[in-house]
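Chains as they are written, first to last, in full-length UniProt numbering: chain A, 1 to 160; chain B, 1 to 660.
Built from N, CA and C at the ideal position, the CB exists for glycine as well.
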């Protein structure tokens, strides 16, 4: 069920006969460039799929994008130039890792903010409570409790 | 007849649920035992009727009764029997029926085995369960009735989506739902506690086994789904940070936090308010997951807008339950007394840290899943949040968490000695560092991150072992004593050690698979040989075969290593005539924990075929880890102290155990 929606979408888009992600004929002859192309592909979204990178997707559009990425790399673009090119063409939607911008700032900062904020709040609370607790002297044990404690302790030594 | 009976049974279940929603509460208000006991019988009767309704749908599918729309749309007379049955929950209506069936099952279990609960608590819990049940029965009956008939029945069905015709799908959704829905019990307990205004350590003891059961199923369900995606979708990926996956991961993260905070509450009577809040949040996230998956809102906001009936209905349920429970919480939480003081460095402190990290991780996933939706609706800004984002934000949080894991169980309650624990964990730390050095030397030139992560995994496993060694007194005590102590060690101690070790195991698998995965993509002709990670894979030939409801093209590969023949692998491509779609059946060769993975692409006119071969080192550890965690959960569940529930005060003395 979890992948069901994705599978449905993928299948719906799949023009039969089925094609596969990264076809043998797409691969660049220079292994270093091919590696770069693969790394970039993993960060780019296949826009007609549900949350799939163009590296994973079977859709024809993903293939076009993979070829486009390789074309730009072959033309001598740097990684960020390739990404800029694609964003200029298709918008921020194409990036699976959103850029740090005004609109995405909250998304990126949420984790660190929550962690430091939460950590700080907890630390202060625990310290305050520990201190207020330390001020109160522990009430002495009643004779009944003393007896139970003694029974427990002897039980404990027998056990180990 | 069967369809009508199933439909009628569901309506009756709704009626029973409505009674169960109200009568026990009146009973609790009037302190009338008979009225409160109504909850018990209605819960059991509800289970009976929903069960009957579910069986009716299964029978319709098995009989291939195509006069029922749900069967027509998702079944085929030639489909193997197993997939006729599993096809019941391979679609929206059927899966919602499974959802309420499991909800009724949990309600029935509380009714049947909750004899040691105070009567009014049980009445409240079952009433809250019935609220949830009523809402979802209504949802099914109004928007997603699986028993609808077609006026002029077709002769043949449209078949189930081929990707779903797989044994993995037979197991995955029921497991996942047992997890999702299982958290409804802790939710109901939390609401009951807020309504009664009474909560104590005994409450935590009642809640913990139920939470644990749900957590075990959710863990296995997620792992199962991940393995299914790995072998069925044909490109060897096992986690995609897809919103649908996130929907199951969020309750898991919150549920894991809940397990740990309930522990503090049970042992030390602290963190009460937080535990209640987590119970509410965990089930709310389960509901949110159901909403995300069932409303189609993630596929696109527009798809949601064009057919909003179901989506809006679930959204209403969502708002009602989350909003209602949180308001109740806000109103009542302050009246709950906090107890159990502890120093920052203590077992409690460690568990609080665990909760902080898990909650933040959960919030990050929640935000990542919903942020793009919000931006599109509010700011008309289309953006994506995918795997690279989550990897970047999730990894640091889990690194911190894993670093802390070995320390937690070794710290004392109330006030711990960090320095002492560090000394005791020295051996584990050294083991981790040695592994880092070995892996780094072995894979010279690679990134330093992978060896470090593997070292962290080893540290977590070694830490769990150290914990057990310390508790049993292995090495430092005479053998007979060790044996005695091993036998006396509570099973929950074994359970938590195993579960923690499972984290380390999974981490090692994840790192190895992502870092040293080798891949070979090419078009192969007959007798071509591919060399992948030391294996020689030779294509022997292609042939066709007819299956029950598909045709398949099989490629036969001979796999050998250093001239020694190992195995024959036969990946295939199936085309399903009814839906005109096809699936890739990958072939897997397991060697230890590593796997060789072959999947097929297209054949061309000259008889050559596109092939992808992967070698995935230690990939199976990714799933062995969760299995180990779940096994730890089962061990913990079998612990006497959890099984017997909360001890009655008079007998408490006999049950006192040495503090862990």
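Per the DSSP calculation, residue i is bridged to which residue(s)?
{"i": "residue 23 of chain A", "result": "Partner(s): none; residue 23 of chain A has no beta bridge."}
{"i": "residue 575 of chain B", "result": "B:551, B:582"}
{"i": "residue 470 of chain B", "result": "None, per the DSSP bridge assignment."}
{"i": "residue 541 of chain B", "result": "B:556"}
{"i": "residue 546 of chain B", "result": "B:551"}
{"i": "residue 484 of chain B", "result": "The partner list for residue 484 of chain B (beta bridge, DSSP) is empty, contrary to what the question assumes."}
{"i": "residue 597 of chain B", "result": "B:588, B:614"}
Is it the case that the Cβ atoms of residue i and residue j are separated by a distance below 8 Å?
{"i": "residue 661 of chain B", "j": "residue 633 of chain B", "result": "Past the boundaries of the shown model lies residue 661 of chain B; chain B is included only from 1 to 660, so the question cannot be answered."}
{"i": "residue 567 of chain B", "j": "residue 584 of chain B", "result": "no"}
{"i": "residue 495 of chain B", "j": "residue 461 of chain B", "result": "no"}
{"i": "residue 262 of chain B", "j": "residue 211 of chain B", "result": "yes"}
{"i": "residue 76 of chain B", "j": "residue 466 of chain B", "result": "no"}
{"i": "residue 206 of chain B", "j": "residue 105 of chain B", "result": "no"}
{"i": "residue 498 of chain B", "j": "residue 635 of chain B", "result": "yes"}
{"i": "residue 90 of chain B", "j": "residue 70 of chain B", "result": "no"}
{"i": "residue 188 of chain B", "j": "residue 244 of chain B", "result": "no"}
{"i": "residue 489 of chain B", "j": "residue 482 of chain B", "result": "no"}
{"i": "residue 134 of chain B", "j": "residue 282 of chain B", "result": "no"}
{"i": "residue 126 of chain B", "j": "residue 204 of chain B", "result": "no"}
{"i": "residue 46 of chain B", "j": "residue 9 of chain B", "result": "no"}
{"i": "residue 413 of chain B", "j": "residue 267 of chain B", "result": "yes"}
{"i": "residue 664 of chain B", "j": "residue 260 of chain B", "result": "The requested residue 664 of chain B is not part of the displayed model; chain B covers only 1 to 660."}
{"i": "residue 509 of chain B", "j": "residue 622 of chain B", "result": "yes"}
By alpha-carbon positions, which one of the options ends up nearest to residue i?
{"i": "residue 169 of chain B", "options": "B:184, B:220, B:152", "result": "B:220"}
{"i": "residue 108 of chain A", "options": "B:90, B:252, B:249, B:394", "result": "B:394"}
{"i": "residue 311 of chain B", "options": "B:140, B:272, B:466, B:208", "result": "B:140"}
{"i": "residue 506 of chain B", "options": "B:433, B:624, B:102", "result": "B:624"}
{"i": "residue 345 of chain B", "options": "B:595, B:385, B:411, B:549", "result": "B:411"}
{"i": "residue 113 of chain A", "options": "B:376, B:208, B:326, B:360", "result": "B:360"}
{"i": "residue 288 of chain B", "options": "B:457, B:369, B:574", "result": "B:369"}
{"i": "residue 111 of chain B", "options": "B:580, B:100, B:124", "result": "B:124"}
{"i": "residue 591 of chain B", "options": "B:620, B:612, B:608", "result": "B:620"}
{"i": "residue 527 of chain B", "options": "B:518, B:586, B:540", "result": "B:540"}
{"i": "residue 232 of chain B", "options": "B:82, B:162, B:455, B:80", "result": "B:162"}
{"i": "residue 195 of chain B", "options": "B:296, B:297, B:114, B:334", "result": "B:334"}
So, at 8 Å on beta carbons, what are the nonlocal neighbours of residue i in its own chain, with the 5 sequence-adjacent residues on each side left out?
{"i": "residue 240 of chain B", "result": "229, 387"}
{"i": "residue 626 of chain B", "result": "219, 220, 222, 223, 502, 506"}
{"i": "residue 6 of chain A", "result": "Low confidence applies here, because residue 6 of chain A scores a pLDDT of 45, under 50, leaving its location unreliable; read the following figure in that light. Correct list, in chain order: 49, 50, 51, 52."}
{"i": "residue 477 of chain B", "result": "485"}
{"i": "residue 518 of chain B", "result": "532, 533, 614, 615"}
{"i": "residue 342 of chain B", "result": "268, 270, 348, 349, 413, 414, 415"}
Among residues of its own chain, excluding the 5 on either side of residue i, which ones have a beta-carbon nearer than 6 Å to its beta-carbon?
{"i": "residue 602 of chain B", "result": "610"}
{"i": "residue 136 of chain A", "result": "Caution applies to residue 136 of chain A, whose pLDDT of 49 falls short of 50 and renders its modelled position unreliable; the model cannot decide the point."}
{"i": "residue 225 of chain B", "result": "172"}
{"i": "residue 450 of chain B", "result": "511, 515"}
{"i": "residue 705 of chain B", "result": "Summary: the structure shown does not reach residue 705 of chain B, with chain B confined to residues 1 through 660, and so no result is reported for it."}
{"i": "residue 99 of chain B", "result": "177"}
{"i": "residue 630 of chain B", "result": "216, 219, 220"}
{"i": "residue 256 of chain B", "result": "358"}
Please check the pair residue i and residue j, which I expect to be a contact at CB under 8 Å, by giving their CB distance rounded to whole angstroms.
{"i": "residue 57 of chain B", "j": "residue 6 of chain B", "result": "6 Å"}
{"i": "residue 340 of chain B", "j": "residue 269 of chain B", "result": "4 Å"}
{"i": "residue 149 of chain B", "j": "residue 68 of chain B", "result": "6 Å"}
{"i": "residue 73 of chain A", "j": "residue 36 of chain A", "result": "6 Å"}
{"i": "residue 144 of chain B", "j": "residue 92 of chain B", "result": "6 Å"}
{"i": "residue 191 of chain B", "j": "residue 328 of chain B", "result": "7 Å"}
{"i": "residue 285 of chain B", "j": "residue 251 of chain B", "result": "4 Å"}
{"i": "residue 384 of chain B", "j": "residue 95 of chain A", "result": "6 Å"}
Going by beta carbon distance, what residues of the same chain come within less than 7 Å of residue i, once the five residues before and after it are set aside?
{"i": "residue 534 of chain B", "result": "561"}
{"i": "residue 575 of chain B", "result": "550, 551, 582"}
{"i": "residue 82 of chain A", "result": "40, 69, 72, 73"}
{"i": "residue 428 of chain B", "result": "406, 459, 462, 463, 466"}
{"i": "residue 88 of chain B", "result": "57, 58, 61, 94"}
{"i": "residue 26 of chain B", "result": "35"}
{"i": "residue 2 of chain A", "result": "Only weak support exists for where residue 2 of chain A lies, its pLDDT of 45 falling under 50; the value from the coordinates is given anyway. Cβ within range, chain order: n/a, list empty."}
{"i": "residue 23 of chain B", "result": "35, 38"}
{"i": "residue 17 of chain B", "result": "46, 130, 133, 134, 137"}
Inset, instruction - Mind checking the region 375-387 of chain B against chain E and listing, in chain order, the residues whose C-beta falls within less than 7 Å of any C-beta there? - result: Among the protein chains in the structure shown, which are A and B, there is no chain E.
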